[in-house]
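A.B. asks: Counting from 0, one number per residue, gives the positions in the sequence shown under numbering that gives the first Met the number 0.
The C-beta atom is built at its ideal place from N, Cα and C for all residues, glycine as well.
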Amino acid sequence: MTVVDPAAADPAVAGPAAGPPATTGPGADPALAGAPPVRRVRRARTVPGRIRLMAALGVVAVLLLSGATALAASHARTGLNVLGRTAGPQVVTTADLYFALSDMDAQVATMLLTGGTSGPSRDALQKRYESSRARADRAVLQAAVLAGDDPTQQATVQAVLDGLGRYERLAAAALLLDQQGGAARGGTGGTAGTARSDNVLNTYRQATDLMRLDLLPKAYNLTLDSATIVRHSHMAELSAVRTGWIGVAILGLLTLAVLIVLQVYLSRGFRRTLNLPLLAATVVVAALTVAGVSVLQREGTALTHGKENGFNSVLALSRARAIGNTLYGDQNRFLLDPGRADTYEQVYLDKSQAVLYVPAGNLDKYHTEVSRLAEAGRQDGLGFLDAEAAGGLTGTEQHVAFAGVLKRYQEFQRNDGDVRRAAAGGDRARAVSLVMGPAFTEFDKALQGMIALHDQELKRAVADGDGAIAGWDWLPPAGALVAVVLLLIGVRPRLAEYR
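1) Going by DSSP, what residue range makes up the alpha helix (DSSP H) through residue 310?
2) Cβ of residue 430 within 8 Å of Cβ of residue 410?
3) On the DSSP letters alone, give me the boundaries of the alpha helix (DSSP H) that residue 438 sits inside.
4) With burial defined as no fewer than 16 other Cβ atoms inside 10 Å of the residue's Cβ, what is the status of residue 423: buried or exposed?
5) Using a Cβ-Cβ cutoff of less than 7 Å, which residues in the same chain neighbour residue 101 once the five nearest sequence positions on both sides are dropped?
6) Buried or exposed, going by whether 16 or more other CB atoms sit within 10 Å of the CB of residue 493?
7) With residue 315 and residue 387 assumed to form a contact (beta carbons below 8 Å), what rounded beta-carbon distance in angstroms separates them?
8) Along the chain, where does the alpha helix (DSSP H) that runs through residue 110 open and close?
9) Pull up the distance between the alpha-carbon of residue 225 and that of residue 482, whole angstroms please.
10) What distance in whole Å lies between the Cβ atoms of residue 222 and residue 248, which are believed to be in contact at a cut-off of 8 Å?
11) Mark residue 471 as exposed unless 16 or more other C-beta atoms lie within 10 angstroms of its C-beta, in which case mark it buried.
12) Which same chain residues, not among the five before or five after residue 279, have their C-beta less than 6 Å away from its C-beta?
13) Just the C-alpha distance for residue 154 and residue 312, rounded to the nearest angstrom, thanks.
14) Go ahead and label residue 96 buried or exposed: buried means 16 or more other beta carbons lie within 10 angstroms of its beta carbon, across all protein chains shown.
15) For a cutoff of 8 Å on Cβ pairs, would you count residue 367 as touching chain C?
16) So residue 465 packs on residue 79, CB below 8 Å; how close in whole Å?
17) Can you have a look at residue 244 and say buried or exposed, based on whether 16 or more other CB atoms are within 10 angstroms of its CB?
18) Can you determine whether any heavy atom of the ligand ZN sits closer than 7 Å to the C-beta of residue 348, and answer yes or no?
19) Distance check for residue 94 and residue 541, CA to CA, integer angstroms please.
20) Taking all protein chains shown into account, decide if residue 363 is buried (16 or more other Cβ within 10 angstroms of its Cβ) or exposed.
21) Look at the alpha carbon of residue 276 and the alpha carbon of residue 66, and state the distance between them as a whole number of angstroms.
22) Grab me the residues of residue 77's own chain with a C-beta within less than 6 Å of its C-beta, minus the 5 sequence neighbours each way, in chain order.
23) Got a sec, what are the start and stop residues for the alpha helix (DSSP H) residue 216 sits in?
24) Keeping to the same chain, check which residues put their C-beta closer than 7 Å to that of residue 63; ignore five residues upstream and five downstream.
25) Taking a contact to mean a Cβ-Cβ separation below 8 Å, would you say residue 83 touches residue 299 in this structure?
26) Under the rule that 16 or more other beta-carbon atoms within 10 Å means buried, what is residue 27, buried or exposed?
27) Here's the rule: buried if 16 or more other CB atoms are within 10 angstroms of the residue's CB, otherwise exposed. What is residue 358?
28) Could you tell me the alpha carbon to alpha carbon distance between residue 268 and residue 72, rounded to whole angstroms?
29) If the criterion is Cβ atoms closer than 8 Å, does the pair residue 231 and residue 81 meet it?
30) Could you give the first and the last residue of the continuous alpha helix (DSSP H) run that contains residue 403?
31) Can the beta-carbon of residue 491 be found less than 8 Å from the beta-carbon of residue 264?
32) Taking only the alpha-carbon atoms, compute the straight-line gap between residue 274 and residue 475 and give it to the nearest angstrom.
33) Straight-line CA distance for residue 286 to residue 458?
34) Quick one: is residue 468 buried, meaning 16 or more other Cβ sit within 10 Å of its Cβ, or exposed?
35) Report the option in 163, 229, 220, 240 whose CA atom is closest to the CA atom of residue 206.
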């Protein structure tokens, strides 16, 4: 009877003489990609397998860290561009549309109020009217750019253009009728304070109603829609930057953990104190992580400061200036058209409270309450100047400038009270003279100065952000490349010992 050795009969069972599979030598260590799953697991459990695994994890972690840093930096750069160079300035320009349109109507009312005959004063008013018309054209073009493919905004822009053409025709007709009336009376009927004919008033009413009830609301809506675009874009980029620096911090810590574990493993396994290339790679990763988090946090601060203390204030004060200009126009219309004096007075009160809110049931009460304000607005007010006082002021220069704005506004409202008292007393010539005085111009100049300060704040924030992010389009990949090369240099001699 023949005895068969099971180990010899079954090739799958390794005999004692076969020994364990070799783990060293070029012929005994097949490529991992071609090895079966069990062999791959066994190989990962060997010393070189563990080194390769940790090195691969380190490389992947470094690349992820670099990618996250570069992506967050890209979002920061986009946010700064939107706020300071593209959509942000375009939105401010669309806010100028409201001012330009209201100024056109104010100049027409002033030309009608001050006389129908030609002269230096009328020529200056006509020149300003044409300047405001050109400014409105530029603002409409910017609004069209911001509208993009939005059909609603495109329709609004087209409606403003169409309405502007109709307004110009009506305004030109009213001015022509007034000039013809003044010439027919030898110029005596066209002086300041003289009542205009019904034909002139009726034609101008059509023009100003078109402007106040149709064009200005559409212009205001365009500004709101454009500001919404900027706000959404800003919030998306700011959120990406904030999420980015958190992600960079986490990935940086994980990468450092992998490198430190690999350093400890090599030091203990090969009885060496430190692996210098691996230590250098760890330092590079630590520096990239700390610098990346620091820069991204600074970018978040720049975006927030630029939006809140720059863009928001510029937009709010630009709206306040535009509404202030309509207040001046309402003063002219109040004197020009006595038949609508009550309506224009109520409209004036409503707009005044939109600029600076104080509780008042009528204009006399509003004048009194505004004159009593000693500090920069009411913190709980609803007007544009109230919002500025509540959170838009930073630094001594802005506080001083805002105090000047408030003072000029008080003087403007005080002058308005004098205008209405003169008109009520029958002294229309004096009322017209007061309207033409410096009160509104001084208030408007103060607002322009305040807007300029916030515009500088916005530009400074964008410049700070640009300075901090400069070079971060190539620094993360360059740092990652250096770290990966150092990592591979560090593990290569240890792997070579097993060949």
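C.D. replies: Reading from the atomic positions:
1) Per DSSP, residue 310 belongs to no alpha helix (DSSP H) and is neither H nor E.
2) no
3) 438-468
4) exposed
5) 215, 321, 324, 325, 328
6) buried
7) 6 Å
8) 86-113
9) 45 Å
10) Going by Cβ atoms, the distance from residue 248 to residue 222 rounds to 39 Å, so no, they are not a contact pair.
11) buried
12) 485
13) 28 Å
14) buried
15) Note that chain C does not occur in the displayed structure, where there is just one protein chain.
16) 6 Å
17) buried
18) Only the bare structure without any ligand can be found here, which leaves the ligand ZN out of the picture.
19) With the chain covering 0 to 498 only, the question about residue 541 has no answer from this structure.
20) exposed
21) 23 Å
22) 236
23) 215-268
24) 250
25) no
26) Caution is warranted here: a pLDDT of 42 is assigned to residue 27, below 50, making its placement in the model unreliable, and the coordinate value is therefore given only provisionally. Exposed, since its Cβ has fewer than 16 Cβ neighbours within 10 Å.
27) exposed
28) 40 Å
29) no
30) 395-423
31) no
32) 24 Å
33) 30 Å
34) buried
35) 163
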